[in-house]
Ligand SMILES: NC(=O)c1ccc[n+]([C@@H]2O[C@H](COP(=O)([O-])OP(=O)(O)OC[C@H]3O[C@@H](n4cnc5c(N)ncnc54)[C@H](OP(=O)(O)O)[C@@H]3O)[C@@H](O)[C@H]2O)c1
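Numbering (the numbering used here), first residue to last: 141 to 445.
As structure tokens, this is what we get:
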């Protein structure tokens, strides 16, 4: 299930894509992200990705420069997974033009969502996303927070059967939806489930992550920093010395390595507007990961903060 791509292999893969035109070999990171397989297909994804809620909103005030820099940084580490959600059409149109730039178009795995109620409204929203993002097929289509689950799932299944989307799944970002999610996973075994999981929010470990492993469902993780709350809680403290045992360089990597140490996790989505934070987050995928005893120590340590 776990595999690594060497820098040479990444350069080889990128050289066949236009991305190498703008990312010179010198800017490709010296180490690249390991990959894990999507159970339903065997296709492999790099283990750190980008959540785009905040960076897409930031386009309004800062233009598309920051999100382009963040995506470049992700790709330089061999990353490709970009999670998206429907935004006001004028914003998604600008973001969509970024996704369609030649240096990104063929290098990304783009996950989209439907977050509305009603069959016709859902189809209209998905069609709009597909048009604005210029992606046919979409890589992954998810029902956001289980919204109008039964109606939208029929649409997603029909879209997958028609070849208009490669994978389908659902998302949650709060424990209150876990019971509904568990029943849905057992009934439908979707390709992907996206859920919240971190060193401070680990309830998913009890049932959902083992269930995903049993059923062969890929897991995307959201909220690795609890939308920034994690950084407020750890404050300006120094990292404890023992984090060197699992090659941890920052508080961000502390939470990310906790998440990535779970074998059911396929990819963790980190949301950022800053290329240097994207680099910090990507580097969490390199080096050693904590073992079970160390994970318990990490939880105990942050619980006391
Ligand atoms: N229901 C759903 O489907 C759902 C719900 C929530 C989230 N999500 C997905 O999950 C993604 C991430 O979840 P989230 O919204 O909870 O965000 P998050 O990744 O937990 O936290 C984002 C915050 O952390 C900061 N940050 C990121 N990397 C950092 C670093 N290395 N050092 C210091 N600060 C850092 C960011 O600020 P800077 O900009 O300053 O880096 C941002 O304020 C979303 O973008 C979305 O794709 C889905």
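For every residue, glycine included, the Cβ atom is placed at its ideal position computed from N, Cα and C.
A contact is defined here as three or more CB-CB pairs under 8 Å, and the region 335 to 349 fails this definition with respect to the region 267 to 280. Residue 388 has its alpha-carbon roughly 31 Å from the corresponding atom of residue 225. In the three-state reduction of the DSSP assignment, residue 336 falls in the strand class, which pools E and B. Looking at the DSSP output, residue 410 sits in a beta bridge with 190. Taking C-beta atoms under 8 Å as the contact rule, residue 189 and residue 219 qualify, at a distance of about 6 Å.
Taking one beta carbon from each stretch, the region 407 to 417 and the region 351 to 361 have 3 or more pairs nearer than 8 Å; the two touch.
The beta-bridge partner set that DSSP reports for residue 282 consists of 253 and 309. Spatial neighbours of residue 393 in its own chain (CB-CB distance under 6 Å, excluding positions within 5 residues in sequence) are listed in chain order as 424.
In this structure, residue 307 lies near residue 279, with their beta-carbon atoms less than 8 Å apart. In the displayed model, residue 223 falls within a strand according to three-state DSSP. When secondary structure is reduced to three states using DSSP, residue 319 falls in the helix class. Rounded to whole angstroms, residue 320 and residue 170 show a C-alpha spacing of 43 Å.
In the pairwise beta carbon analysis, the region 374 to 385 is classified as not touching the region 297 to 312: fewer than three pairs are separated by under 8 Å. Beyond the five residues adjoining it in sequence on each side, residue 195 comes within less than 8 Å, by CB distance, of 206, 207, 210, 411, 412 and 413 in the same chain, given in chain order. Distances from the alpha-carbon of residue 372 to those of 391, 215 and 186 put 391 closest. With respect to the 8 Å criterion, residue 429 and residue 401 are classified as neighbours on the basis of their beta carbons.
For residue 204, same chain residues with a beta-carbon under 8 Å away, outside a window of 5 residues either side, are 234, 235, 237 and 238 in chain order.
Cβ-Cβ separation between residue 255 and residue 284: approximately 4 Å, consistent with a contact (criterion under 8 Å).
Distance from the CA atom of residue 356 to the CA atom of residue 328, rounded to whole angstroms, is 11 Å. Shortest gap from the CB of residue 350 to any heavy atom of ligand 1: 7 Å or more. Relative to ligand 1, even the nearest heavy atom lies 7 Å or more away from the CB of residue 247.
DSSP places residue 359 inside the beta strand (DSSP E), whose first and last residues are 358 to 362.
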